[in-house]
Amino acid sequence: MATANRNLSKYMKEEIPNGADFRIGIVVSEWNPDITLNLLEGAKKALTDNGVKEDNIDVRFVPGAFELPLGAQLMCEKTQVDGVIAIGVVIQGETKHFDFVCDGATQGIKDVNLKYNTPVAFCLLTDNNIQQSIDRSGGKHGNKGIECAIACMKMIALQKSF
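So the number in our numbering is just where the residue sits in the sequence shown, counting from 1, plus 3.
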């Protein structure tokens, strides 16, 4: 979603499914913890505010964004989750490393969605600078962790409706 003039933390609570029976895995990159831990906090708050029990939220950490797909895959294989939220941040640097990490993490997360038929929410910030990450992890654009938690819950509800 475009973030220009938009607060990612705003949503209509009545449009969110009750998550009382949902089990959610969250995989968090340890890289840039000042950003990723804010995203984690936002995601957990959105989940619990919408009925998900704290005991039904399983948080695991991976070294960096590139490891998010494997972390999400392990969550799908080794636990009984209805959905996963993959949280990380990659900030543009001076080399092509940014492109490779973003592409690998993005394609990997998409592949886990399809391979395991499990909603995996994409909470990977891919920003040009640290300020953009701050703005999207509790700053002027809200907290993308909230947006991704809501998206995960909606996809779980959709899957359960079939």
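Note that the Cβ used here is the ideal one computed from N, Cα and C, for glycine as well.
Owing to the predicted nature of the structure, the values given are computational and were not obtained by experimental measurement.
Check your understanding: So, are the CB atoms of Ala-154 and Leu-50 less than 7 Å apart?
Key -> In the sequence shown, counting from the first residue as 1, residue 154 sits at position 151. In the sequence shown, counting from the first residue as 1, residue 50 sits at position 47. Cβ atoms of Ala-154 and Leu-50: not closer than 7 Å.
**Study point:** Span separating the alpha-carbon of Asn-120 from that of Thr-98
**Key:** Here residue 120 is taken as the residue at index 117 of the sequence shown, counted from 1. Here residue 98 is taken as the residue at index 95 of the sequence shown, counted from 1. Approximately 35 Å, taken between the alpha carbons.
Point to revise | Backbone secondary structure at Leu-69 - three-state DSSP | key: Along the sequence shown, one-based indexing puts residue 69 at 66. The amino acid occupying residue 69 in the given sequence is Phe; Leu does not appear at that position. Residue state, collapsed to three classes: helix.
Exercise for review: Classify Ile-88 as helix, strand or coil using the three-state DSSP reduction.
Suggested key: Translated into positions along the sequence shown, residue 88 becomes position 85. The answer is strand: DSSP assigns Ile-88 an E or B state.
Point to revise | Which residues DSSP lists as bridging Asn-146, in chain order | key: Position 143 of the sequence shown, counting from 1, holds the residue named residue 146. For Asn-146, which the question treats as bridged, DSSP gives the partners Ser-140.
Check your understanding: Quick one: is Gln-76 buried, meaning 16 or more other Cβ sit within 10 Å of its Cβ, or exposed?
Key -> Numbered from its first residue, the sequence shown carries residue 76 at position 73. Its Cβ being crowded by 16 or more others within 10 Å, Gln-76 is buried.
Review point. Roughly how many angstroms separate the alpha carbons of Leu-71 and Leu-127, rounded to a whole number?
Key: For this step, residue 71 is matched to residue 68 along the sequence shown. For this step, residue 127 is matched to residue 124 along the sequence shown. One C-alpha to the other measures close to 9 Å.
Exercise for review: Kindly indicate which three-state DSSP category Met-4 falls into: helix, strand or coil?
Suggested key: Counting from one through the sequence shown, the residue named residue 4 turns up at place 1. In this predicted model, Met-4 has a pLDDT of only 44, less than 50, meaning its place in the structure is not dependable enough to derive any value.
Check your understanding: According to DSSP, is Phe-125 helix, strand or coil?
Key -> As a first step, residue 125 is located in the sequence shown; it is residue number 122 there, counting from the start. Look at Phe-125 here: in three-state DSSP terms it is strand.
**Study point:** Buried or exposed by the 16-neighbour rule on C-beta atoms within 10 Å, applied to Met-15
**Key:** Numbered from 1 along the sequence shown, position 12 holds the residue referred to as residue 15. Around the beta carbon of Met-15, fewer than 16 other beta carbons sit within 10 angstroms, so the residue counts as exposed.
Check your understanding: What residues are listed by DSSP as bridge partners for Asp-130?
Key -> Here residue 130 corresponds to residue number 127 of the sequence shown, with the count starting at 1. Per DSSP, Ile-94.
**Study point:** As assigned by DSSP and simplified to three states, the class of Phe-64
**Key:** Your numbering for residue 64 matches position 61 in the sequence shown. Assigned with DSSP and collapsed to three states, Phe-64 falls in strand.
Point to revise | Close-in-space but distant-in-sequence residues of the same chain around Thr-39 (CB under 7 Å, 5 per side omitted) | key: On the sequence shown, residue 39 is found 36 positions in, with the first residue counted as 1. These residues qualify, in order along the chain: Val-31, Ser-32, Ile-90, Gly-91, Val-92.
Exercise for review: Grab me the residues of Asp-138's own chain with a C-beta within less than 7 Å of its C-beta, minus the 5 sequence neighbours each way, in chain order.
Suggested key: Here residue 138 refers to the residue found at position 135 of the sequence shown. So the qualifying residues of the chain are His-144.
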